[in-house]
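Here is the structure we will look at.
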Amino acid sequence: PEDVSDVPPKREVEFTIDLVPGTSPISMAPYRMSASELNELKKQLEELLEKRFIRPSVSPWGAPVLLVKKKDGSM
5 PEDVSDVPPK REVEFTIDLV PGTSPISMAP YRMSASELNE LKKQLEELLE
55 KRFIRPSVSP WGAPVLLVKK KDGSM
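At position 56 of the sequence shown (counting the first as 1) the number is 60 in the working numbering, and the numbers step up by one without a gap.
And the structure:
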């Protein structure tokens, strides 16, 4: 489909990630983005937040974002 407009109904899910005791998140500086890449990232994140596909997180275990250009040049 071209665009998914809604998420499936909310379900109860039990999910845990067992960490090795004493493990801490890997801290790395984010890679640099051009102004156009940063604007595109903000636009896509806002769209995904509005659709409730993602939600804000302050977890130190968060994953970085990597933008990859498509064959047509868009991101």
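Just so you know, even glycine gets a beta-carbon here, dropped at the ideal spot from N, CA and C.
- Rounded to the nearest angstrom, the gap between the Cα atoms of Arg36 and Val69 is 11 angstroms.
- Under the three-state reduction of DSSP, Leu42 is assigned to helix.
- One thing to note: Leu23 has its Cβ no nearer than 8 angstroms to the Cβ of Glu44.
- In this structure, Arg59 keeps its C-beta atom at 8 angstroms or more from the C-beta atom of Val11.
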